[in-house]
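I have placed the structure first, in the form of structure tokens, so that the comments after it can refer back to it.
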Amino acid sequence: MQPLPYNAPMNEDAYTVTVAKDLEDLIPTFLANRAKELQALRAALAGGDMAQLRHLGHRMKGVGNSYGFARVSEIGRQIEEGATSGDRAALETCIAAYADYLARVRVVYA
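Just so we're aligned: 90 in our numbering is position 91 of the sequence shown, and the numbers increase by one with no gaps anywhere.
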């Protein structure tokens, strides 16, 4: 499994994502769904449900780039790969990185 790209330094307060102005009304729901997704990832990991983790990772991979959140897609790809290989430690790392990202992401509309 490759390391996650685009890691912000630990002292950086936020990840900044530039999103098209015409998507502004959709972003609050998008981010709320990502928070729910994080909980689902944690539950699937706790239950050892690799099929669910693969499914969630695959979905993240598709939806992230659609809204301009490339890091969501990248973490999703790594979750899908980790679930396929059964690499629980990598999955824990990816899910922690996702939680950190969601806690610190800031959206700028252009």
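Virtual Cβ for every residue (Gly too), placed ideally from N, Cα, C. Small disclaimer: the values here were computed from a predicted structure and weren't measured.
| Item | Value |
| --- | --- |
| Where the alpha helix (DSSP H) through tyrosine 97 begins and ends | 87 to 103 |
| Alpha-carbon spacing of glycine 67 relative to leucine 25, whole angstroms | 12 Å |
| Whether methionine 59 touches glycine 81 by CB criterion (8 Å) | no |
| Arginine 105 vs threonine 15 beta-carbon contact at 8 Å | yes |
| Alpha carbon of glutamate 23 to alpha carbon of tyrosine 108, nearest angstrom | 7 Å |
| Given valine 18 as reference, the closest of Gly63, Leu44, Ala31, Glu36 once Cα atoms are compared | Gly63 |
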